[in-house]
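Visitor:
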Amino acid sequence: MPLWVSPSKFPAGGSSYQYDLYGKEWKLTTDRSVKNHDGTNGFEISSPILQGKEAFEQIAHVLNMLKETGALVDSRCGLHIHIGVQPDLKLPHFKNLLKLQLNLEDSFDYLVDASRRCDNPHCNSNLSPFYRKFMARFADEPTALWTVDGRAKLVSQADTFIDNASKFMDLVFTRRLKLNISAFMIHDTIEIRHHHGTLDYTEIVNWLQLQMALVEKAKSANEVKPASEFFNGPQKAFTTLAVNKEVAEYYLKNKSS
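Residues are numbered in this note's numbering as their position in the sequence shown, beginning at 1, plus a constant of 6.
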């Protein structure tokens, strides 16, 4: 039986059932993607749908409880954020969102652990499907994704494809990308899988605000043009998304390497 738990009643074991379809309870589940040295599985904790000031209070409370119980995270863990977008996001907004992600993914990479930047099967680059589409035009994938000229060329070609293809969503409807748009079909959300696992409240809240700014920019932008500058640090994301001063200062002080 699935076990839905309140923040004050974490069980010793948890549940292997993966989803709270009603989104009303905090839930602790076993996670087969996280194996312990003794052969047992690690855990995943999922929140209910959170809104407003209470959301941050609940996150802080749960993190404190996890720390009190000796919970640990390592490079196999990830922080996944779902942001509700129904009914606000229409097709033009999804196009904007994907274009922004392609433009800013390199900036976001500066803000996460190296294990979440490349070659991670749980959060692949959103440029990877476009590389496979246009691979004949590039020497190899590292050149296309990890050089300035290669990425600029690939982003430009992806931008044109997104504008003109009638079924561009089919290309990016795979779950294990840094920005998972396919979550919309199941949960009416978009999922950001990019960030490493953490029990740091400040780190989580700043990442959440940054990604919410990404969604808001996708909704408000009249046009998103392909970027031409890459791998120069995170500032491009802060400027493009007009994040608040506190978020930018946090990252510039703590995470810009």
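Ideal placement from N, C-alpha and C gives every residue a C-beta, glycine not left out.
Using alpha carbons as the reference points, say which of 148, 256, 139 and 137 lies closest to residue 206.
Guide: Position 200 of the sequence shown, counting from 1, holds the residue named residue 206. Of the candidates 148, 256, 139 and 137, the one whose C-alpha sits nearest the C-alpha of residue 206 is 256.
Visitor: Tell me whether the beta-carbon of residue 197 lies closer than 8 Å to the beta-carbon of residue 128.
Guide: As a working note, residue 197 is residue 191 in the sequence shown. As a working note, residue 128 is residue 122 in the sequence shown. Result no, Cβ atoms of residue 197 and residue 128 do not sit closer than 8 Å.
Visitor: Grouping DSSP H, G and I as helix and E and B as strand, with all else coil, what is residue 49?
Guide: As a position in the sequence shown, residue 49 is number 43, starting the count at 1. In this structure, residue 49 counts as strand in the three-state DSSP scheme.
Visitor: Should residue 203 be listed as close to the ligand GTP, given that the test is whether its C-beta is under 7 Å from any heavy atom?
Guide: As far as ligands go, the structure on display features none, and thus does not contain the ligand GTP.
Visitor: Quick one: what does DSSP say residue 261 is sitting in, helix, strand or coil?
Guide: Taking the first residue of the sequence shown as 1, we reach residue 261 at position 255. Three-state DSSP puts residue 261 in coil, outside helix and strand.
Visitor: Within the chosen definition, does the stretch 220 to 235 reach the stretch 100 to 109 through at least 3 CB pairs nearer than 8 Å?
Guide: Touching, per the Cβ criterion.
Visitor: Could you tell me the boundaries of the beta strand (DSSP E) in which residue 165 lies?
Guide: Residue mapping note: residue 165 aligns to position 159 of the sequence shown, counting from 1. Counting along the chain, residue 165 falls outside any beta strand (DSSP E), though it belongs to the alpha helix (DSSP H) covering 154 to 170.
Visitor: Tell me whether the stretch 161 to 177 and the stretch 123 to 143 touch, counting them as touching only if at least three CB pairs, one residue from each stretch, are closer than 8 Å.
Guide: Yes, the stretch 161 to 177 touches the stretch 123 to 143.
Visitor: How should residue 27 be labelled, buried or exposed, when 16 other C-beta atoms within 10 angstroms of its C-beta is the threshold for buried?
Guide: Taking the first residue of the sequence shown as position 1, residue 27 is located at position 21. Note that residue 27 scores 49 on pLDDT, short of 50, meaning its location in the model is unreliable; the coordinates nonetheless yield the value given after this. It is exposed - the Cβ of residue 27 has fewer than 16 other Cβ atoms within 10 Å.
Visitor: Please check the pair residue 112 and residue 236, which I expect to be a contact at CB under 8 Å, by giving their CB distance rounded to whole angstroms.
Guide: By one-based count along the sequence shown, residue 112 stands at place 106. By one-based count along the sequence shown, residue 236 stands at place 230. The Cβ separation is near 5 Å, so the contact holds.
Visitor: Evaluate contact between the stretch 199 to 215 and the stretch 79 to 87, counting only Cβ atoms and requiring at least three cross-stretch pairs below 8 Å.
Guide: Cβ pair count under 8 Å is three or more, so yes.
Visitor: Count the C-beta pairs between the stretch 114 to 125 and the stretch 90 to 98 that are closer than 8 Å, then say yes if the count reaches three, no if not.
Guide: Counting Cβ pairs under 8 Å, fewer than three are found: no touch.
Visitor: Using CA coordinates, which residue listed in 163, 72 and 121 is at the minimum distance from residue 234?
Guide: In the sequence shown, counting from the first residue as 1, residue 234 sits at position 228. With distances taken between Cα atoms, residue 234 lies closest to 163.
Visitor: What did DSSP end up calling residue 239 once you bin it into helix, strand or coil?
Guide: The residue labelled residue 239 in the question sits at position 233 within the sequence shown. Coil, per DSSP.
Visitor: Where does residue 204 fall in DSSP's three states?
Guide: Start at 1 with the first residue of the sequence shown, and residue 204 comes out as number 198. Looking at residue 204 - three-state DSSP - the assignment turns out to be coil, as it is neither helix nor strand.
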